[in-house]
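Working notes, structure below.
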Amino acid sequence: MSEKKFKKGSQLFSFARKKALSLGIPQKKGMKMADLICSIQEKEGNSPCFQQQDTCSQTICCWQASCGAVMGSN
């Protein structure tokens, strides 16, 4: 089984900014990447939990690989 490639660092932040722009989410100067991604999650009707939990059960989350949470039940 091949490992999924995921974005991190500046690539992830750039992706998040583009996604936020497409969803009409305002981006404030100095906004942290995790806060921006949580805003995107909320706008999409998901739990705004990026990098806020140790474990995650949201297997369909598109941020899962970059979040760092261990997949499991919480």
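Here the sequence shown stands for residues 32 to 105, numbered as in my numbering.
The beta-carbon is built from N, C-alpha and C at its ideal position, and this holds for glycine as well.
Q) Quick one: Cα of GLY99 to Cα of GLN82, how far? A) Along the sequence shown, one-based indexing puts residue 99 at 68. Along the sequence shown, one-based indexing puts residue 82 at 51. If you take the alpha carbons of GLY99 and GLN82, they lie about 7 Å apart.
Q: Check CYS69 in the structure and name its three-state DSSP category.
A: Numbered from 1 along the sequence shown, position 38 holds the residue referred to as residue 69. CYS69 falls in the helix class under three-state DSSP.
Q. Between ALA47 and the rest of its own chain, which residues show a CB-CB distance below 8 Å, the 5 nearest in sequence each way excluded?
A. As a working note, residue 47 is residue 16 in the sequence shown. Setting aside the 5 residues that flank it on each side, ALA47 is surrounded in the same chain by MET64, LEU67, ILE68 and ILE71, each with a C-beta closer than 8 Å to its C-beta; the list follows chain order.
(Q) Using the three-state DSSP reduction, which class does MET102 fall into: helix, strand or coil? (A) Here residue 102 refers to the residue found at position 71 when the sequence shown is read from its first residue. Looking at MET102 - three-state DSSP - the assignment turns out to be strand.
Q) Who are the Cβ neighbours of SER33 in its own chain at under 6 Å, not counting the five residues just before and after it? A) Residue mapping note: residue 33 aligns to position 2 of the sequence shown, counting from 1. Only weak support exists for where SER33 lies, its pLDDT of 40 falling under 50; the coordinates are left without a value.
Q: Below 8 Å on the Cβ atoms is my guess for GLY103 versus SER88; work out the distance and round it to an integer in Å.
A: Taking the first residue of the sequence shown as position 1, residue 103 is located at position 72. Taking the first residue of the sequence shown as position 1, residue 88 is located at position 57. With a contact defined as Cβ atoms closer than 8 Å, GLY103 and SER88 qualify at about 7 Å.
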